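Peer 1: Below you will find the structure I want to go over with you.
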């Protein structure tokens, strides 16, 4: 994403949007919490083209390439054309995020006792599916190779050692710093509560997608969950039953970042990517910048 000179009111992780309609400027004061501004969406995606694409990626050497990589690659491609989806609210102001930061949970050991941590992948709007696979593989390998703790776990562990009555004040103080945009970038870069989107693959543990809440601390505006693959008979255009494979997913969205018309275009883009996944093999012809 292009570098811009920081101006008064910008944050270290985003630039303030100044060319908004008056209603957009006051919305965050009327709906002053992410919980109160959350919209819940359930969708179903046709994966008849996506599945062979994933198998082909594995044949090409991207061992372990799966739906998580595909969803992240699709999201990054959407951001490259619809950058408004990568905005966030902080301090009752709307910002365009400087980076694309995707978060997801990783189990270090696939067992009941296995420790879970959260990793953050920083992507570029020009990334292809192969680029995303490499970025995800690197952060997952780093998280699993860090022993019992990575940087996120270490920070959480340090806070966890503080007595409860002091910890409550520390968290309050961190929230105030975040509100005015003074939380150090070293903390927001590590934070599992700051980023573009949180993705959870519930299909990997055979659970249906839940409508996950948004966190009040931090600035994540979107939570995506997807479940296991489903089979269902539908009627084709000739009225004949046809077995199709689908994937159910849910989105929890901070509605203050953009409007419904904008999101309808994003929904069409997501469907188009799942039906024509080969477009993820090359960078986008043009990268669209968010408004000023």
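Numbering (the numbering used here), first residue to last: 153 to 444.
Note that CB positions come from ideal geometry on N, CA and C, so glycine has one too.
Here the structure is a predicted model, which is why all the values come from computation and not from measurement.
Can you check whether the CB of residue 404 is closer than 8 angstroms to the CB of residue 369?
Peer 2: no
Peer 1: Helix, strand or coil: how does DSSP classify residue 169 here?
Peer 2: coil
Peer 1: To test your reading of the DSSP string, which unbroken beta strand (DSSP E) runs of 3 or more residues are found completely within the stretch 325 to 360?
Peer 2: Every beta strand (DSSP E) stretch that sits fully inside the stretch 325 to 360 and reaches 3 residues is listed by chain position as 349 to 353.
Peer 1: Would you call the stretch 248 to 261 and the stretch 180 to 198 touching, i.e. three or more CB-CB distances under 8 angstroms?
Peer 2: No, the stretch 248 to 261 is not in contact with the stretch 180 to 198.
Peer 1: Nearest to residue 415 by alpha carbon, out of 189, 193 and 187?
Peer 2: 193
Peer 1: Checking the sheet assignment: what are the DSSP bridge partners for residue 190?
Peer 2: 406
Peer 1: In the DSSP assignment, what residue or residues form a beta bridge with residue 275?
Peer 2: 252
Peer 1: Apply the 10 Å Cβ neighbour rule to residue 394 and answer buried if 16 or more other Cβ atoms are within range, or exposed otherwise.
Peer 2: exposed
Peer 1: Can you have a look at residue 428 and say buried or exposed, based on whether 16 or more other CB atoms are within 10 angstroms of its CB?
Peer 2: Residue 428 sits exposed, since fewer than 16 C-beta atoms from the chains shown fall within 10 Å of its C-beta.
Peer 1: Hey, how far is the Cα of residue 358 from the Cα of residue 377?
Peer 2: Approximately 12 angstroms between the Cα atoms of the pair.
Peer 1: Specify the secondary structure class of residue 424 as computed by DSSP and reduced to three states.
Peer 2: helix
Peer 1: Taking the alpha-carbon positions, what's the residue 200 to residue 398 distance?
Peer 2: 8 angstroms
Peer 1: Mark residue 413 as exposed unless 16 or more other C-beta atoms lie within 10 angstroms of its C-beta, in which case mark it buried.
Peer 2: Within 10 angstroms of the beta-carbon of residue 413 lie fewer than 16 other beta-carbons, which makes it exposed.
Peer 1: Can you grab the Cα-Cα spacing for the pair residue 226 / residue 318, in whole Å?
Peer 2: 42 angstroms
Peer 1: How big is the Cα-Cα spacing for residue 348 and residue 360?
Peer 2: 23 angstroms
Peer 1: Using a Cβ-Cβ cut-off of 6 angstroms (strictly less than) and excluding sequence neighbours within five positions of residue 232, which residues of its own chain qualify?
Peer 2: 277, 436 and 439
Peer 1: Applying the criterion that 16 or more other CB atoms from any shown protein chain within 10 Å of the CB defines a buried residue, is residue 221 buried or exposed?
Peer 2: buried
Peer 1: Anyone know if the C-beta pair for residue 447 and residue 284 falls short of 8 angstroms?
Peer 2: The chain is shown from 153 up to 444; residue 447 falls before or after that span and cannot be answered.
Peer 1: For the alpha helix (DSSP H) that contains residue 219, what are its first and last residues?
Peer 2: 219 to 233
Peer 1: Excluding the 5 residues preceding and the 5 following residue 234 in the sequence, name in chain order all residues of the same chain whose CB lies nearer than 6 angstroms to its CB.
Peer 2: 418
Peer 1: Does the Cβ of residue 339 have 16 or more other Cβ atoms within 10 Å, making it buried, or fewer, making it exposed?
Peer 2: exposed
Peer 1: Of the choices 444, 190 and 237, whose alpha-carbon is the least far from that of residue 367?
Peer 2: 190
Peer 1: Just reading off the alpha helix (DSSP H) that residue 367 is part of, what are its end residues?
Peer 2: Per DSSP, residue 367 belongs to no alpha helix (DSSP H) and is neither H nor E.
Peer 1: Look up residue 208 in the DSSP assignment and say whether it is helix, strand or coil.
Peer 2: Here DSSP, grouped into helix, strand and coil, assigns residue 208 to helix.
Peer 1: Determine the direct distance from the alpha carbon of residue 251 to that of residue 214, and round the result to whole angstroms.
Peer 2: 25 angstroms
Peer 1: Assign residue 391 to one of three DSSP states: helix, strand, or coil.
Peer 2: In the three-state DSSP reduction, residue 391 falls in the coil class, being neither helix nor strand.
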